[in-house]
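Number 396 in the numbering used here belongs to position 329 of the sequence shown; there are no gaps in the numbering. Idealized CB from N, CA, C, for every residue including glycine. These figures come from a predicted structure and were not determined experimentally.
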Amino acid sequence: MWYDVNRFHIFAFITWQFANFFGSQNIFGIYSNHVPKWKCGNDSQPTKDCKVYSSCPKNKLMFVDPAFYSAAIEFDWICGSSSFNQSFFTQIQYFGVLIGTLLFGYLSDRFGRKPVGIFVLSNGICSTFASGLAPNVTVLFALRFCVGLSIGGTIVALCAWITEVILPQQRMVLRGFFNWGWSRIGLTILCYLTREWRFASFTAAISLIPALILVIFVLPESPIWLHSKGFTARMTQSEIHIAKVAGVPYTPVEHKTLRPKTLKETLKTKGMFKKLRILWSMWFIIAICSTAMDLNSGNLAGDLYLNQLCFGVLLVFSKMLLLLVDTHFSSFKRRTLHQGSLIGTLFCITVLTCFMAKDYHSTGVLIVYLFGTVFIEYTWDACYLCAIELMETSSRASATGSCSLFARIGKILAPILIHANAWWPYSVNTTVLLLGVINLLISYFFLPESKGVNWDDVHVDDEENVEVLLAGRLILEDSQFD
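Below, the structure is given as structure tokens:
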């Protein structure tokens, strides 16, 4: 079958897509903070003037064709000091993601991918559903923090888990066909059908139950993690279970002997720490870029749902295109993906800045926004792939969690940049351009290549370059065809 995909891999891909959909709660702020124009009485003109909003009697204040009944409308986060709650709704969740990536990354490396995966999904379902029942803002923020914790755990635990139970050549299949684009389309359809933030929270939580069933009953513990911990018997049982679900005969897989290594030991390893510093800068910068553009996309002219649907559809097809290119062009490396995507992102932001300078707000802005989002998603693909391919199995989840930590810091800072636009409208674009250029230089001069690396081989105690491992893997693959 294509890319050697079997029945078990399909279940793993579906689980990944559900987990990805749960991660779309990070952009739920587009809908929960949606505020349309308003007017004071039938005779006034629609506006977003806070003076009109504050002076108008509540019995005369009317919102003009609200596309979504948001938390901002219900709790009056519109003008004055209370408007800060719009950004805080997103920031408190990102802070939860930050803590969750560190906590559950460590727990996943310590106690296994499966128990942590079950816990974070269960907690995510409960906290997302409960947030729809929040009686006040304080309870709502506490529950959204819990949602963020679970998303952080999903990012590091399930990401490492799924990518460890699929084949190396299927990693790009995972990113190409089961991607963020479908999650964005799913969230858009969900909000379009519910039209209300509480009902949308209930529906989002219930839709995650199939993923929890798959995690509990179908997916076994990662054989690679079990091997790294020395649990040979359990590793064999896990591989037998995978073969049974896949409907193929069990064939023993030879694994190299690995000594479990903590994240602290990884940080003390000169060669690995150097790679981590590069990855940290990559994740931090792209997090600022992507969050700023995502949160601002709700303010684009036109229909809210149609705009968001366009983002999702374009992302789906662009990821499939990326998969085809990665498959048929061996020279298309991870470095090429990261650096090319960064250049595309910087170009789009430059064009948007020019549009802003000329006060242009027509269709061209949406088109450039769409392509900018695609390039940012490509950059995220490069970040995820480099992180999981450059790190050792014994500390992969914790190391990925540390990368995600820097990404969460970037996501927390991004809403602050958007507020800074009120004083200088070029704040976001200028900051992103400067950081993007710095990241491009770091990637060009220091990022190692990791495409096709065998994860059992990623075990270095010095500054050994990953290209050496790649060369050894290519020799072994060539010998199988002789």
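I need the DSSP call for L514, collapsed to helix, strand or coil.
By 1-based counting over the sequence shown, the position of residue 514 is 447. Coil.
Just to check my reading of the structure: G96 and I252 have Cβ atoms closer than 8 Å, yes? What is that Cβ distance to the nearest angstrom?
Translated into the one-based positions of the sequence shown, residue 96 becomes position 29. Translated into the one-based positions of the sequence shown, residue 252 becomes position 185. Not quite, the Cβ-Cβ distance comes to about 18 Å (not below 8 Å), so this is no contact.
Assuming K115 contacts M129 (C-beta within less than 8 Å), just tell me the rounded distance between them.
If you number the sequence shown from 1, residue 115 lands on position 48. If you number the sequence shown from 1, residue 129 lands on position 62. With 8 Å as the limit, K115 and M129 do not qualify as a contact, their Cβ atoms being about 13 Å apart.
Taking all protein chains shown into account, do 16 or more other C-beta atoms lie within 10 angstroms of the C-beta of P395, making it buried, or fewer, making it exposed?
Within the sequence shown, the letter at position 328 stands for residue 395. What sits at residue 395 in the sequence shown is His, not Pro. Exposed, since its Cβ has fewer than 16 Cβ neighbours within 10 Å.
Where DSSP assigns a beta bridge to L128, which residues make up the other side?
Sequence index remark: in the sequence shown, residue 128 carries index 61 (1-based). C107.
Would you list the one or two residues that DSSP bridges to Y136?
Position 69 of the sequence shown, counted from the start, is the residue given in the question as residue 136. Answer is E263.
Just to confirm before moving on: does the CB-CB distance between I309 and V214 stay below 8 Å?
For the purposes of this step, residue 309 is identified with residue 242 of the sequence shown, where counting begins at 1. For the purposes of this step, residue 214 is identified with residue 147 of the sequence shown, where counting begins at 1. For I309 and V214, no; Cβs fall outside 8 Å.
Are there three or more Cβ pairs, one per stretch, closer than 8 Å when the stretch 236-245 is compared with the stretch 202-210?
They do not touch, by the three-pair rule.
Applying the 10 Å Cβ sphere with the 16-neighbour rule, what's the burial state of P124?
If you number the sequence shown from 1, residue 124 lands on position 57. The residue in question, P124, is exposed, as its Cβ has fewer than 16 Cβ neighbours within 10 Å.
Can you check whether the CB of V282 is closer than 8 Å to the CB of L174?
Your numbering for residue 174 matches position 107 in the sequence shown. Your numbering for residue 282 matches position 215 in the sequence shown. Contact flag unset, no.
For the stretch 394-471, which segments carrying the alpha helix (DSSP H) assignment without a break, of at least 4 residues, lie completely within its bounds, in sequence order?
401-424, 430-457, all fully within the stretch 394-471.
In terms of residue numbering, what span does the alpha helix (DSSP H) encompassing G172 cover?
Here residue 172 refers to the residue found at position 105 when the sequence shown is read from its first residue. Where G172 is concerned, the enclosing alpha helix (DSSP H) stretches over 151-178.
Please state whether the Cβ-Cβ distance between L457 and K341 is less than 8 Å.
As a first step, residue 457 must be located in the sequence shown, where it is residue number 390. As a first step, residue 341 must be located in the sequence shown, where it is residue number 274. The answer is no: Cβ separation not under 8 Å.
Using the rule of at least 16 other Cβ atoms within 10 Å of the residue's Cβ for burial, across every protein chain shown, is L501 buried or exposed?
The sequence position of residue 501 within the sequence shown is 434, counting from 1. Exposed.
Run through DSSP, which three-state label would T318 get?
For the purposes of this step, residue 318 is identified with residue 251 of the sequence shown, where counting begins at 1. DSSP places T318 in coil when its eight states are reduced to three.
Please return the same chain residues whose Cβ sits closer than 6 Å to the Cβ of R475, not counting the five positions on each side in sequence.
Reading the sequence shown from its first residue, position 408 is the one you call residue 475. Excluding residues within five positions, the ones whose Cβ falls inside 6 Å are Y161, V164, L165.
Grab me the residues of T230's own chain with a C-beta within less than 8 Å of its C-beta, minus the 5 sequence neighbours each way, in chain order.
Counting from one through the sequence shown, the residue named residue 230 turns up at place 163. These residues qualify, in order along the chain: R238, L241, I455.
Can you tell which of Y136, V418, A227, E444 has its C-alpha closest to the C-alpha of Y259?
To locate residue 259, count along the sequence shown from 1; it is residue 192. For the residues Y136, V418, A227, E444, the minimum Cα distance to Y259 belongs to Y136.
Can you tell me the Cβ-Cβ gap for S121 and F156, rounded? I've got them flagged as a contact below 8 Å.
The residue you call residue 121 lines up with position 54 of the sequence shown. The residue you call residue 156 lines up with position 89 of the sequence shown. Not quite, the Cβ-Cβ distance comes to about 21 Å (not below 8 Å), so this is no contact.
Would you kindly check if the distance between the Cβ of A313 and the Cβ of N73 is under 8 Å?
What you label residue 73 is simply residue 6 of the sequence shown in a count that begins at 1. What you label residue 313 is simply residue 246 of the sequence shown in a count that begins at 1. Yes, these two residues count as a Cβ contact at 8 Å.
Taking Cβ to Cβ, would you say S268 is nearer than 8 Å to F196?
Residue 268 sits at position 201 when you count from the first residue of the sequence shown. Residue 196 sits at position 129 when you count from the first residue of the sequence shown. Contact flag set, yes.
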